[in-house]
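J.:
Numbering (our numbering), first residue to last: 133 to 246.
As structure tokens, this is what we get:
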């Protein structure tokens, strides 16, 4: 008798896209928890329960989905590749905004000196 290497899918398995979106939010929130700022957008205050609610899942659904995908490396790698693309896109957008903002300040300083 052969035992299958792949595990049965849980009934409420999160889709790959749901996993990417959820993991994206977790990464952003966890990263910002180490950084305090004075803005009204303090992501470090976001509770995990709120995150589950906005993604319309519960903690067990995530745990079971994460467990399933981690036992299926090709799918898990696909999820993390998509997550990486999404994080890079955000980083590049922030870099561009920062560059444009810095350029405006420099241009303004040059104009005020002349």
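Note that CB positions come from ideal geometry on N, CA and C, so glycine has one too.
My output table needs one value for residue 241: the three-state DSSP class, helix, strand or coil.
T.: It is helical.
J.: Would you identify the three-state DSSP class for residue 205, choosing helix, strand or coil?
T.: In this structure, residue 205 counts as helix in the three-state DSSP scheme.
J.: Find out if the Cβ-Cβ distance for the pair residue 193, residue 159 is shorter than 8 angstroms.
T.: No.
J.: How about the region 178-185 and the region 231-244: do they share at least three Cβ pairs that are nearer than 8 angstroms?
T.: The region 178-185, when compared against the region 231-244, does not touch it at the 8 angstroms Cβ threshold.
J.: Using the beta-carbon count (16 or more within 10 Å), is residue 225 buried or exposed?
T.: So residue 225 counts as exposed.
J.: Only counting the same chain, and skipping five residues up and downstream in sequence, which positions put a Cβ closer than 8 angstroms to that of residue 147?
T.: Answer for residue 147: no residue qualifies.
J.: Counting C-beta neighbours from all protein chains within 10 Å, is the total for residue 245 16 or more, i.e. buried, or is it exposed?
T.: Exposed: under 16 other Cβ atoms inside 10 Å.
J.: From residue 209 to residue 221, what distance separates their C-alpha atoms?
T.: Cα to Cα, the separation comes out at about 18 angstroms.
J.: Compare the C-alpha of residue 218 against each of 149, 142, 141, 164 and name the closest.
T.: The option with the nearest alpha carbon to residue 218 is 149.
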